[in-house]
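Asks:
There are 4 protein chains.
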Amino acid sequence: LVTPLSDRDTLDVRGLERLVEHVLDGGVQGLFILGTTGEGPSLSYHLRCELIERVCEQVSGRLPVLVGVSDTSLVESLNLAGCADEAGAAAVVVAAPYYYPLAQAELRRYIEHLAAAMPRPVLLYNAPGQTKIRFELDTLRRLLGAANIIGLKDSSADMIYFHRVLRLAAVRPDWSVLVGPEELLAEAVWLGGHGGVCGGANLCPRLYVDLYQAAAAGDTDRVADLHAQVMAIAGGIYSVGCPGGGVIQGLKSALALLGICDDLPAEPFPRLDDRGRQRIRRHLVHLGLAADVPGESISAAEENHA
Amino acid sequence: LVTPLSDRDTLDVRGLERLVEHVLDGGVQGLFILGTTGEGPSLSYHLRCELIERVCEQVSGRLPVLVGVSDTSLVESLNLAGCADEAGAAAVVVAAPYYYPLAQAELRRYIEHLAAAMPRPVLLYNAPGQTKIRFELDTLRRLLGAANIIGLKDSSADMIYFHRVLRLAAVRPDWSVLVGPEELLAEAVWLGGHGGVCGGANLCPRLYVDLYQAAAAGDTDRVADLHAQVMAIAGGIYSVGCPGGGVIQGLKSALALLGICDDLPAEPFPRLDDRGRQRIRRHLVHLGLAADVPGESISAAEENHA
Amino acid sequence: LVTPLSDRDTLDVRGLERLVEHVLDGGVQGLFILGTTGEGPSLSYHLRCELIERVCEQVSGRLPVLVGVSDTSLVESLNLAGCADEAGAAAVVVAAPYYYPLAQAELRRYIEHLAAAMPRPVLLYNAPGQTKIRFELDTLRRLLGAANIIGLKDSSADMIYFHRVLRLAAVRPDWSVLVGPEELLAEAVWLGGHGGVCGGANLCPRLYVDLYQAAAAGDTDRVADLHAQVMAIAGGIYSVGCPGGGVIQGLKSALALLGICDDLPAEPFPRLDDRGRQRIRRHLVHLGLAADVPGESISAAEENHA
Amino acid sequence: LVTPLSDRDTLDVRGLERLVEHVLDGGVQGLFILGTTGEGPSLSYHLRCELIERVCEQVSGRLPVLVGVSDTSLVESLNLAGCADEAGAAAVVVAAPYYYPLAQAELRRYIEHLAAAMPRPVLLYNAPGQTKIRFELDTLRRLLGAANIIGLKDSSADMIYFHRVLRLAAVRPDWSVLVGPEELLAEAVWLGGHGGVCGGANLCPRLYVDLYQAAAAGDTDRVADLHAQVMAIAGGIYSVGCPGGGVIQGLKSALALLGICDDLPAEPFPRLDDRGRQRIRRHLVHLGLAADVPGESISAAEENHA
């Protein structure tokens, strides 16, 4: 889930409410908040806690909410986890700490300390592009022994690694191995993965649910069609903004054009300018995602930036 | 300055007091707290604020205190800067935000937003090993126009870059260009740099002050002798711990053996074990740094780990 | 195809003959010699030319032979291509030159010069792990206009990139987009790729041919079974040797144990020692690949190293 | 030494002769041919051999000639070394093989095999930007035991590493530790290095000889002046061309403007275009390097490209 903002340190509360219902209507099986697309590390702590509380309250048990608590400070990760626990989250998600370069031994020890103190089950988050380190197979092998670690979200985009993790995790049938980049959802699920965390599901959740189901069923023709749509969204909506921020900027801009929520990213990423928004609009129309949207709603969203 | 801890989220208050006096006695010209060696990103916010307040109060204007406020959240950097401002810090130090991969345009914009909102002068901190990005020369050229940015601490260990920055910054005679790794202090100062931020000064501040002065005076023989000592400390004390954490673990262990403060690092780095501590002790003796320390004091420090 | 050697600069001629027939018997659709697994860049020029001539003569038109002519010297690439042309090769394969760091403009220009002077069709070879550079999409887009460039072998292991290349290359229906790492063959073919270049096909060519066909047919159950075997070979045979050389060392050692050819790699990689060979043997048995091999043949191969 | 070319595979023989005399007139203590700036890996073998023979013959013992024989094929490195040996070169220079990713154990073994078979003393060449691997200290420690390895040229631009190598190599007083990037010559020599291999010495050899002597003498003021000139050349002449090729393109273009040799680089780098050459000319004038050159000579050089 992206985090709708109306200002640097203020949630777009109404936008958030609309967004949650929009995504739930699409048939997703869970919500992951405060991840990379959710801009967790860019937000203040009080705003992160407010988001956790609001989303958990709104979802109210309709599906599990997973909360990203990644941080460079173990103490602050635990503080966030306490907030998630009180709010009724299903699990917390933790990446490697991302300031100091680390070796695997220290990474493993850090995760073990963290998991031992966590009030909720822990999903590991492999995000080497952000954290400069990945969970090597031998590290994962040892972490399989920690009962409250329940799986891995792999955003490395390395499918060889993903296949190896699947083989490794076979000893823990309760583990979920989820794929990060949505361009890899089809093959990840087809070859045994348990699902994906797809930023594009903020925009058109049904597409990713359908692709998941088609891949799980081995429906090659349907997968080819849906996978092409996913590639077109990534090659279109995500390509307009800046390096590192294009997914966030593109999704927020598209959601604003659809009248769902504000398009302001957290720093360091800027809001798309008029030209960028026009490009997003054209992509939405071209993708067939803006067909049902009345012109007024788009205009209203744009007026905010006049 | 390292941050003495007695527990994961508790300052070693007495150790901190001893450490500050130890370093000031060595003749340094300023204190930099909450940097990389200070484990800033690994500490909770309330502990960071407590440290800022205690150090500023103890120093009480005897020399300038620079406060690291680097974060992935601009809002939290501003919160820390507010704390530093109230405590009377001389300046704040900011690295690039370190979660998302960034391009230079977004880095520059981020720093401009940050600097514009900062209540104190800003020293930039180039730390690509931690942040995955460096301040490119063209970015620095533009940031030279921001009046409340007053210099750069360069921890890239790239001396070609350092020399280029010096040439560039000549238009801002009020800028300080400081070098990070102490192994490069001699040449950095000899060729025009304004000083260094040396972690080893926690242990033997006089050595680094002397080296700075010898290099500034072009005293080749004296530099050769002092530089060799600096290399020996780096090759000895810093080589015992784990990758990424060796400087912090080595310094804290040595300081504990000298009876100055606790040797507990913040996670993700562990305290050195008995074998590691014995190696540090041997290095201290070999380096002539443990000569004046009474045996009792070492024993006392070791009893804490019995 | 691996390159069987009996000495640093001498082909294992009989081993090569056996190997070629072994692979052809497995039903493959082409041979790629002097690639990464073929140790092209580690071999002397006269040996590379001898190999080209021998393989082309032996194959004698039964299937297309593709010849790796990658080099850091454009002139030497052309010399090798001349040799391939005379021998009757079907195409040449070229990676980016791999000594100097390059930008895309110079890479494109280099490939255009090379392709213009090549006597045979050119298959591009994307191998960033070896060459430090990949063919960016925009570069490929421009190279699609060169008539005698006929496709890309992508060994980046980046399936998002692979999917993007497939979308891009749709305008050139004569292009072949082949995948490098065999662990990705299933998904690459299932989602539209035209095939793979699989080092493991030296050992058990039928397995990779079967997996290709099952993936192309969307036969999920059969793919799951064959893909698991491919993963087991990679996780077993290729894991015994040294970093960077494990595939070559493992394949050559296994082929020697099966009595097909010598196990000597070209420098910088050493022959597996006795312990390594025992591990390869156990993997072969465990994988069911050594069942049909008479004990004598294994002993004979081992006697060479007594 | 750059390698003057009049065509892709043809030496500019007259230009080469002028260049060698120009450099020798500058007072250098040795010549290094076929290094990175010498475009060794981009040249055909027969051209490399011709260059070795011509330079050795022309120099005729006036100073030592070092010959780069780096290659990805050990056999071809030995072939080149045989050529260098026959021509009377003083030593050969070898980098790590640069195609396969390597670990230190295989790198060390490769160098040991190579050195054992070399007919001349071997200078190691640390060039991680080209080879993807550096000689780690522990590897160097072991290679210190090989009698015919006589030193290291370090082009890593990592001065901490350089200082560590100097400390390590103190047990081999016959070793030379030379620095690669000329921007680091001053500090490298001041702190104990034995010299530098400076591409800029093709253009103005006296400057680098003077800087070496001033740094060795600890003459701070003179070093400051000469170091500033070196930085100005690097920031000017080398900044005009393309990434990775700017040093080669800039030097060759400047030498052509001075009437010394042709400006054609080997592929993958293009000759600077007219605009680039005008920028080089302006840098030359600005640097005071074109003052003595009659206008006709520049025009003549330019006519070649009209």
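Chains as they are written, first to last, in our numbering: chain H, 2 to 307; chain F, 2 to 307; chain G, 2 to 307; chain E, 2 to 307.
Cβ coordinates follow ideal geometry from the N, Cα and C atoms, glycine included.
Output yes if chain E places a C-beta closer than 8 Å to the C-beta of residue 161 (chain F); else output no.
Replies: yes
Asks: Beta-carbon of residue 136 (chain E) versus every beta-carbon of chain G: anything under 8 Å?
Replies: No - not a single Cβ of chain G is within 8 Å of the one on residue 136 (chain E).
Asks: With respect to 7 Å, is the separation between the Cβ of residue 131 (chain G) and the closest non-hydrogen atom of the ligand MN below this value?
Replies: Looking for the ligand MN in the displayed structure turns up nothing, as the structure carries no ligands at all.
Asks: Look up residue 177 (chain E) in the DSSP assignment and give the residues it is bridged to.
Replies: Per DSSP, E:152.
Asks: Using 8 Å for Cβ pairs, my map puts residue 67 (chain E) next to residue 96 (chain E). What's the rounded Cβ distance?
Replies: Not quite, the Cβ-Cβ distance comes to about 13 Å (not below 8 Å), so this is no contact.
Asks: At what residues does the beta strand (DSSP E) containing residue 134 (chain H) begin and finish?
Replies: Neither: residue 134 (chain H) is in no beta strand (DSSP E) and is coded neither H nor E.
Asks: Would you say residue 155 (chain H) faces chain G, with C-beta separation under 8 Å as the test?
Replies: no
Asks: Along chain F, in chain order, which residues have C-beta atoms closer than 8 Å to that of residue 30 (chain H)?
Replies: Within chain F, no residue comes near residue 30 (chain H); the closest Cβ sits about 27 Å away, beyond 8 Å.
Asks: Please report the residue range of the beta strand (DSSP E) in which residue 7 (chain E) lies.
Replies: Start and end: 6 to 8.
Asks: Taking 8 Å as the threshold, find out whether the stretch 139 to 156 of chain H comes into contact with the stretch 115 to 123 of chain H through three or more Cβ pairs.
Replies: As far as the Cβ criterion goes, the stretch 139 to 156 of chain H touches the stretch 115 to 123 of chain H, which means the pair count is three or higher.
Asks: For my contact list, residue 178 (chain G) and residue 200 (chain G) are in at a C-beta cut-off of 8 Å; report their separation, rounded to the angstrom.
Replies: Residue 178 (chain G) to residue 200 (chain G), Cβ: 18 Å. No contact.
Asks: Quick check on this structure: which residue in F:226, F:216, F:83 and F:191 has the alpha carbon closest to the alpha carbon of residue 168 (chain E)?
Replies: Distances from the CA of residue 168 (chain E) to each of F:226, F:216, F:83 and F:191 were compared; the closest alpha carbon is that of F:226.
Asks: Would residue 39 (chain F) and residue 3 (chain F) be called neighbours here (beta carbons separated by less than 8 Å)?
Replies: yes
Asks: I want to verify the contact list: residues of chain H whose CB lies under 7 Å from the CB of residue 251 (chain G), in sequence order.
Replies: The premise fails here: residue 251 (chain G) is roughly 16 Å from chain H at the closest Cβ pair, so nothing lies under 7 Å.
Asks: Which same chain residues, not among the five before or five after residue 182 (chain H), have their C-beta less than 7 Å away from its C-beta?
Replies: 156 and 158
Asks: Suppose you measure from the CA of residue 171 (chain G) to the CA of residue 233 (chain H); what does that come to, to the nearest Å?
Replies: 14 Å
Asks: For my contact list, residue 69 (chain H) and residue 28 (chain H) are in at a C-beta cut-off of 8 Å; report their separation, rounded to the angstrom.
Replies: In fact, because the Cβ distance is near 22 Å, the residues do not count as touching under 8 Å.
Asks: Quick one: Cα of residue 185 (chain F) to Cα of residue 71 (chain H), how far?
Replies: 34 Å
Asks: Since residue 172 (chain G) is in the alpha helix (DSSP H), which residue starts that stretch and which ends it?
Replies: That residue, residue 172 (chain G), is in no alpha helix (DSSP H); it is neither H nor E in DSSP.
Asks: Would you verify that the beta carbon of residue 219 (chain E) is, or is not, closer than 8 Å to some beta carbon of chain F?
Replies: yes
Asks: Among H:283, H:224 and H:247, which has the Cα closest to the Cα of residue 235 (chain H)?
Replies: H:247
Asks: For residue 37 (chain F), name the three-state secondary structure that DSSP assigns.
Replies: coil
Asks: Identify whether residue 306 (chain G) lies in helix, strand or coil by the three-state DSSP scheme.
Replies: Because the pLDDT at residue 306 (chain G) is just 38, under 50, the model does not fix this residue reliably, and the value given afterwards should be weighed accordingly. Residue state, collapsed to three classes: coil.
Asks: According to DSSP, simplified to helix, strand and coil, what is residue 298 (chain H)?
Replies: Legend: pLDDT at residue 298 (chain H) = 44, less than 50; position of this residue unreliable, no value from coordinates given.
Asks: Please report the Cβ distance between residue 224 (chain F) and residue 255 (chain F), rounded to the nearest whole angstrom; I am assuming they are in contact, meaning their Cβ atoms lie under 8 Å.
Replies: 24 Å between Cβ atoms; not a contact.
Asks: Check each residue of the stretch 189 to 210 of chain E: if its Cβ is closer than 8 Å to any Cβ of chain F, include it; give the result in chain order.
Replies: 191, 192 and 193
Asks: Please check if any C-beta of chain G sits within less than 8 Å of the C-beta of residue 10 (chain E).
Replies: Yes, because at least one Cβ of chain G sits closer than 8 Å to the Cβ of residue 10 (chain E).
Asks: Can you pull the DSSP bridge partners for residue 80 (chain G)?
Replies: Residue 80 (chain G) pairs with nothing; no bridge assigned.
Asks: Give the list of continuous alpha helix (DSSP H) stretches no shorter than 4 residues that lie fully inside the stretch 192 to 258 of chain H.
Replies: 206 to 218, 221 to 237 and 247 to 258
Asks: Mark residue 131 (chain H) as exposed unless 16 or more other C-beta atoms lie within 10 angstroms of its C-beta, in which case mark it buried.
Replies: buried
Asks: List the whole-angstrom C-beta distance separating residue 228 (chain H) from residue 208 (chain H), where the pair is believed to meet the contact cut-off of C-beta under 8 Å.
Replies: Contact doesn't hold; Cβ gap of about 10 Å is too wide.
Asks: Can you pull the chain G neighbours of residue 228 (chain H), defined as C-beta to C-beta under 7 Å?
Replies: 192
Asks: Residue 94 (chain E) and residue 82 (chain E) look like a contact to me (Cβ under 8 Å); what is the Cβ gap, rounded to whole Å?
Replies: Between residue 82 (chain E) and residue 94 (chain E) the Cβ distance is about 10 Å, and since that is not below 8 Å, they are no contact.
Asks: So if DSSP puts residue 96 (chain H) in a beta bridge, which residue, or which two residues, is it bridged to?
Replies: H:126
Asks: Indicate the three-state DSSP secondary structure (helix, strand or coil) for residue 16 (chain F) in the structure shown.
Replies: helix
Asks: My guess is that residue 125 (chain E) and residue 103 (chain E) are in contact by the Cβ rule of under 8 Å, so how many angstroms apart are they, rounded?
Replies: Contact doesn't hold; Cβ gap of about 14 Å is too wide.
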